[in-house]
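In the numbering used here, the protein residues as written are 187 to 433.
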Ligand SMILES: [Zn+2]
């Protein structure tokens, strides 16, 4: 109970403190599609849809979940990871065990990151994990500076568009999750990105006709991809977006 409370407070503080601020100057808006964990359908149908629309995605992976069944989906395979990587999608970092950052001290977090890095290096030696996403979207005010030394960015699940002064170590991301958003909601985020010249990031998990409570249908994803095309917004990985904003 107490530690759950501490975790919540730490997550809240992390939003406001130890920021790595970056001013996003007036820029053409852009969008990133990110998938966490990740289910095999994100690497299958999800990647196919992205590629058909000229985009690439960022996959925040936890080594312990690769190739394994879980409650809602089957984890993607080593072969799928290699295919994504070679096709120009970004392989990025979660914790290896998928433990949340609030539960890890500095040494434990360092072990998680190193284990994850070596896991993906062993699948393909050219995979570098440059960007991080907080498991469960929960940041920690204590781990944030540690992660900042290790990764170019860290993404949470605080919705909204990244615009103006953005925090590279707590990037905002909005759900591409059928349980949480509909087509009109997706359009509102795109309109906000156009109005602010900002960087819109979506997060999701599975992409299938009967998604888990954390995933989306191909229909909703197609809607988002077409919304980007209508507004001439490039669909870029997180690594590519950071390059474009000079971060
Ligand atoms: Zn996750």
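Backbone N, C-alpha and C fix where the C-beta goes; we use that ideal spot for every residue, glycine too.
Check                                                                                                                                              : Outcome
Hey, out of 347, 400, 395, whose CA is closest to residue 367's CA?                                                                                : 400
Just to confirm the assignment, what range does the beta strand (DSSP E) spanning residue 207 have?                                                : 207-210
So, with DSSP's three-state summary, where would you put residue 253?                                                                              : coil
Under the assumption that residue 169 contacts residue 423 (Cβ atoms under 8 Å), give the Cβ distance between them as a whole number of angstroms. : No answer is possible for residue 169: it lies beyond the span of the chain, which begins at 187 and ends at 433.
Tell me which residue opens and which closes the beta strand (DSSP E) that residue 351 is part of.                                                 : 350-353
Quick one: which unbroken alpha helix (DSSP H) runs of 4-plus residues sit fully inside the stretch 234-292? Chain order, please.                  : 264-272
If we count the other Cβ atoms within 10 Å of its Cβ and call it buried at 16 or more, is residue 187 buried or exposed?                           : Low confidence applies here, because residue 187 scores a pLDDT of 48, under 50, leaving its location unreliable; read the following figure in that light. It is exposed - the Cβ of residue 187 has fewer than 16 other Cβ atoms within 10 Å.
Does the beta-carbon of residue 364, which I'm using as the reference point, lie nearer than 6 Å to any heavy atom of ligand 1?                    : no
Classify residue 211 as buried or exposed, calling it buried when 16 or more other Cβ atoms lie within 10 Å of its own Cβ.                         : exposed
Report yes if the CB atom of residue 227 is closer than 7 Å to the CB atom of residue 392, and no otherwise.                                       : yes
Nearest to residue 239 by CA position, among 419, 363, 427, 433, is which residue?                                                                 : 419
Any heavy atom of ligand 1 within a distance shorter than 6 Å of the CB on residue 392?                                                            : no
Ligand 1: which residues have Cβ under 5 Å from any of its heavy atoms, chain order?                                                               : 222, 223, 321
Any idea what DSSP makes of residue 417, helix, strand or coil?                                                                                    : coil
How about residue 216 and residue 328: are their beta carbons less than 7 Å apart?                                                                 : no
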